[in-house]
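Chains as they are written, first to last, in my numbering: chain A, 122 to 394; chain B, -1 to 151. Backbone N, C-alpha and C define an ideal beta-carbon position, used for all residues, glycine too.
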Amino acid sequence: MLFAFCVIGLSLSGKRGRTSYGSGAAIYFVAPFQKGFTHSIRFVKNLWRHYFFLASVAKTNDALKRELSHATERVNQCNETELSNARLRSLLNFRETINRQVVAAEVISKDPSPWFKSILIDKGSSDGLKKSVPVVIPEGVVGLVTDISTHYSKVLLLVDQNSAVDALVQRTRARGIIKGGTAGRCLFKYVLRKHDIVESDIVVSSGLDGVFPKGLRVGTVSNVTRRNSGIFQEVTVIPYVDFEKLEEVLVILNLPRYAPAYYDHFKSGVSER
Amino acid sequence: MPCLLLFDSFYDLLVPLVLYLGIFRPVSESVVVILFIGFVMDNLSAGPFGLYVAIYLWLFIGTKWIVTFLHVANHFLLPLVVALGVLLKNLIVLGALVMLTDSRFPDDLAATVGKQTLWAVFTGAFFLISFEHVQKRWENRIGKLFVKKNGDS
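Structure, rendered in structure tokens:
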């Protein structure tokens, strides 16, 4: 009986559309408590998120910073590898154009004095190097091996004042000697006054010294002075090679074919002894 | 010191060592060291062989001579001593360069020598004092070791 009464009452109230009687009063009294409770829960939640939870955020931040620094270092290594790759490809392409036996070497140090220009490379007699073999890079002539040990060698650079390379002007074939000068420049000496040389002429190795193969780039003429006296003109040459940025070089092991006759005679004289 | 732009024209760091040997150490100890470091530098440099041995020996002889009548061990005079040593070294090198080869004086001569001398004035005394300090600590340590060994025996 009671059950039936409940069912009838519920169905009647459902049909009327009104949910309850006196809901406004109930809400009026209950809502403030609900509001206060909700605010309390929210306050505690915010307190946790902004203070206590930040400790783990700080740890995460530190870990991420370490990962970032590792990633930055890896990117830097990749950049270095890319640049080294480009240099070595250029060196390899250049090497294939030289029809001689060559050895690639890395520059390991410079001359300790600012007045002399030389470098040490990481190849020596065990790699086939001998004294007076030429050293080049794709840009041009670097210098000459002057001292060797088993695994290292000293190279006298083109810009050293003791260096000398037999060279000629590519355009007019005027011949002279490239000697190291000051401030990274070279002097093109013993060039006769009658020869036509102008600024921006290209100077290449003549091959007549029996050391450097013919046709290797040496530098560009930057200044020509013809004095009233003397039979030679003063020519300044800017070398193509940037000696401050040398990192890898090529050493040419077998001498060029166009060795002068007196050199062959000298070699045969030495072998007879 | 290569590859560092700020130290591109730094002076030879072995000059303060030679001056220290000349001022504070006896001849018997110093000559062997000077000959050795001069030999090594001659092999590393493209200059005439024997140039660095000659430079260091002359610096050592000059220092020994000055010490006989001037109290250069005074810490206030040390920067001047190192600067003079660097100047003398450059003088000998440039003299050899010009006399032994047909070279001219480098265009950047004044700038390079000036920079090296200034660096020597500001940092040279530091090296000399450091060498003296390290030598004293080494001697103290060796002395204590000997005392301990003699005490044990």
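Amino acids of chain A, ordered along the chain, whose beta-carbon sits closer than 8 Å to that of P104 of chain B: W236, T303, A304
Segment limits, beta strand (DSSP E) that includes G302 of chain A: Note, G302 of chain A: premise wrong, no beta strand (DSSP E); not H, not E.
Start-end ranges of the beta strand (DSSP E) lying completely within the region 306 to 348 of chain A, minimum 3 residues: 307 to 313, 323 to 326, 338 to 346
Backbone CA spacing between G245 of chain A and I359 of chain A [nearest angstrom]: 29 Å
Beta-carbon separation (whole angstroms), S321 of chain A vs V342 of chain A, contact threshold 8 Å: 6 Å
Whether V263 of chain A touches I299 of chain A by CB criterion (8 Å): no
Chain B contact for N197 of chain A (CB, 8 Å cutoff): no
Selection from B:T61, B:Y9, B:I21, B:L68 that minimises the alpha carbon distance to F129 of chain B: B:I21
First and last residue of the uninterrupted alpha helix (DSSP H) at N237 of chain A: This sequence places Phe at residue 237 of chain A; Asn is not what is there. Premise fails: F237 of chain A is in no alpha helix (DSSP H) and is neither H nor E.
DSSP-derived helix/strand/coil call for T110 of chain B: helix
Proximity test, Cβ basis, 8 Å: A108 of chain B and chain A: no
Any 3 or more C-beta pairs closer than 8 Å across the region 354 to 369 of chain A and the region 225 to 233 of chain A: yes
Nearest to V332 of chain A (by Cα), restricted to the options A:L241, A:V362, A:S253: A:S253
Pair within 8 Å by beta-carbon distance, V16 of chain B and Y54 of chain B: yes
Counted within 10 angstroms of its Cβ, other Cβ atoms place M39 of chain B as buried (16 or more) or exposed: buried
Residues bridged to K231 of chain A (per DSSP): A:I240
Bridge partners - F129 of chain B, DSSP secondary structure assignment: F129 of chain B pairs with nothing; no bridge assigned.
Partners in chain B for S239 of chain A, counting only beta-carbon separations shorter than 8 Å: S43, A44
Inter-residue Cα distance where the pair is K146 of chain B and L265 of chain A: 57 Å
Bridge-paired residues (DSSP) for L86 of chain B: Looking at the DSSP assignment, L86 of chain B forms no beta bridge with any residue, so it has no partner.
C-alpha gap between F120 of chain B and F74 of chain B, whole angstroms: 12 Å
First through last residue of the alpha helix (DSSP H) which encompasses V13 of chain B: 12 to 22
For E355 of chain A: DSSP bridge partner residues: A:T346
Selected residue, minimal CA-CA separation from V345 of chain A, among A:V319, A:E365, A:G336: A:V319
Endpoints, the beta strand (DSSP E) within which T61 of chain B is located: Segment 49 to 65 is the alpha helix (DSSP H) holding T61 of chain B; no beta strand (DSSP E) there.
Supposed contact pair V80 of chain B and G122 of chain B - C-beta distance, whole angstroms, cut 8 Å: 3 Å
Under 9 Å (Cβ pairs) to chain A, residues found in the region 71 to 91 of chain B: N88, V91
Interface partners of S7 of chain B on chain A, CB under 9 Å: P235
Residue-level contact to chain B via CB, Q282 of chain A, 8 Å cutoff: yes
Interface partners of D10 of chain B on chain A, CB under 8 Å: P233, S234
Alpha-carbon spacing of L313 of chain A relative to D287 of chain A, whole angstroms: 14 Å
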